[in-house]
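Residue numbers for the sequence shown follow the working numbering, beginning at 255 and rising by one.
Worksheet: one structure, shown below.
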Amino acid sequence: MLGSDDGIPSLAFRKDGEVLAGADNDDFHPKMLLRKVGAESSLYYDSFGEDGERPAGEPVQSVAYSPDGRYFAAGDMGGSVRMWPERPPAPAFPGRPSDTDPGTKAVSPDGRYFLGQEDEEDYTYTNRVWDVGAATRPRPVFTVPKPWQARYFLPGRKKPPVLVGHSYEDGTRRHVFRFWGFDGAGGRPRHGRDIPLTADEVVTAVSTDGTLFAIGLEGTRRLEVWDLSDVREPVRRSVIDAPADRGHGQPWFLGDRTLVTTEGEGTSQDLRLWDLADPRNPRKGATVPDGATGGGLAYLRESHTLVVESTGETLRLWDTSDPDRPRKGGTLRGTSHGYYPVTGGRLATILRDGSVRFWDIGDIRHPKRQETLRLDRTVDSITVTPDGQQVVTGMSGGSQWADTPAEYRIWDTGPDGRWRSPAQTSLAGVSDMQVLPGNRSRMAVVAKVDGEDRTFLLGLRSDRVYEELCRAHPLSVPESQWNTLFPQLAYRTSCG
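Below you can see the structure in the form of structure tokens.
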């Protein structure tokens, strides 16, 4: 169906006849509509809005395509004409990345599938998986059926990528976990046997290779260890007598086969290490004294280094390569949750004054302080690209407690891992930005369009962003406007 009960006063086909545009004069939600002719789904492949919609200020009376089909126009009852490119300036789809658990991502490890979250009018949300393998045309491939909710893909599982789903029935204490596998052929993903259990609340953890899944029944001393080597037939291998502590983010995996839980009461909380080399026979390892007292921790997989928060804005390093004998290292300065591994095997810590301090932790017993980068805004997050050639910082508007970063910056790095200043690209006014895995150096950027979240796919290098924008939206600044904006520069076309 195209349109609403208020009627469609105008229709227009694109030059090739493959797309139909319609005017919708709904008083409450004025818009124009786009549909692919003959398509089963009403979702237009790279629409700004849901169901192929383009918003309008007032009820739309007429629509028209340009002769070359690259633009279309909508005329409304107020006398305004709004022009749109046939494709948005960058590939986009509705919604934002799904909320994830520590150590997991909303994008599959191979970078092909992206799990989005779209808000509904009843204050619920829908999870939809998009195929972003073809960078110019994200395509919806799977909508998670209600009452299931999905949060992330299993880490380390590229063939096939596996989506984790969870269902909970109010008033029943019944939880069910399901795993959908994507075969890459474009068909509907398949799932195997579900994992049911009964509890008020549950906490989960997944190993970095995606083959072990721990489920903790909060308020009890029961952790179930499930083997996901074959996601069609999950097997419970063992049950560990240890508490599930949501407040400290436990349980949690250090790498593929070391599980972390908490022990102790009051102000003193230790971390307990469990060796799951044989998941059928979990072996209790040593403790990291006061490891959970500070409330935050991070794990550097390559060096087996555990970073735990301590008192007085200090961080303690531990060598956990041997779960039976973790070795205490040195201390660093850093704020709560303000520590990130960066290029060159170094650790970056964020200080309260907004500066970023870099440390050589090759010898964790004697970390060496290196350079300090002072910025005009507080850094909230640091992400290294898969090739290590760039770093992305999320920066708040001045308070490190801001809910959403006000700006993201992309920094090139030198052969020694040092950031090259100034940043090569700045993205302001976006609510989220994530670096996608793989070798194509892409990012997913979330911004508001007419009050709704949209996720845009862009390259990480500014020259490539420029090329993509010119290819999709090849407009140049008129010479008269150029002379006003840049009187000191000779005129040239913006794209060409």
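Glycine is no exception: its CB is placed at the ideal position from the N, C-alpha and C atoms.
Note: residue 331 is not bridge-paired with any residue in the DSSP secondary-structure output. Counting C-beta pairs with one atom in each stretch, the stretch 537-551 and the stretch 515-526 have three or more that are closer than 8 Å, which means they touch. Only exposed fits residue 743, as fewer than 16 other CB atoms lie within 10 angstroms of its CB. Under the three-state reduction of DSSP, residue 458 is assigned to strand. Excluding its 5 nearest sequence neighbours in each direction, residue 286 has C-beta neighbours in its own chain below 7 Å: 275, 276, 277, 278, 308, 310, 314, 317 and 328, listed in chain order. Contact check for residue 472 against residue 496 fails: the beta carbons are separated by 7 Å or more. About 7 Å separates the beta carbon of residue 430 from that of residue 449, a gap short enough to meet the 8 Å contact definition.
A Cβ-Cβ separation of about 5 Å places residue 345 in contact with residue 392 under the 8 Å criterion.
Taking the Cα of residue 620 as reference, the smallest distance to any Cα among 626, 586 and 602 is reached at 586. Per the DSSP secondary-structure output, residue 601 pairs in a beta bridge with 595 and 613. The stretch 395-410 and the stretch 359-379 touch, with no fewer than 3 CB-CB distances between them shorter than 8 Å. A direct Cα-Cα distance of roughly 14 Å separates residue 570 from residue 558. Distances from the CA of residue 339 to each of 350, 323 and 347 were compared; the closest alpha carbon is that of 323. Closest by C-alpha distance to residue 604, out of 568, 639 and 615, is 568. Residue state for residue 402 is assigned as coil, using DSSP reduced to three classes. Taking 7 Å as the cut-off, the Cβ atoms of residue 577 and residue 550 do not count as close. By a beta-carbon distance limit of 8 Å, residue 696 does not contact residue 681. Their separation comes to about 14 Å. Residue range 733-739 is occupied by the alpha helix (DSSP H) that includes residue 735. If only complete runs of 3 or more residues are kept, the stretch 415-461 shows the beta strand (DSSP E) at 416-423, 428-435, 449-452 and 456-460, in order along the chain. The straight-line gap separating the alpha-carbon atoms of residue 561 and residue 445 is approximately 37 Å.
Contact check for residue 628 against residue 609 passes: the beta carbons are separated by less than 7 Å. Residue 584 carries a strand assignment under DSSP once its states are collapsed to helix, strand and coil. Residue 478 carries a strand assignment under DSSP once its states are collapsed to helix, strand and coil. The Cβ atoms of residue 698 and residue 684 do not sit closer than 7 Å to each other. As the crow flies, the alpha-carbon of residue 488 is around 13 Å from that of residue 416. For residue 469, the closest alpha carbon among the candidates 541, 514 and 386 is that of 514. Contact between residue 552 and residue 593 holds, with the beta-carbon distance rounding to 6 Å and staying under 8 Å. The C-beta separation of residue 634 from residue 649 comes to about 6 Å, placing the pair in contact by the 8 Å criterion.
In the three-state reduction of the DSSP assignment, residue 276 falls in the strand class, which pools E and B.
Taking C-beta separations shorter than 7 Å and ignoring five residues to either side along the sequence, the partners of residue 555 in its chain run 462 and 509, following chain order.
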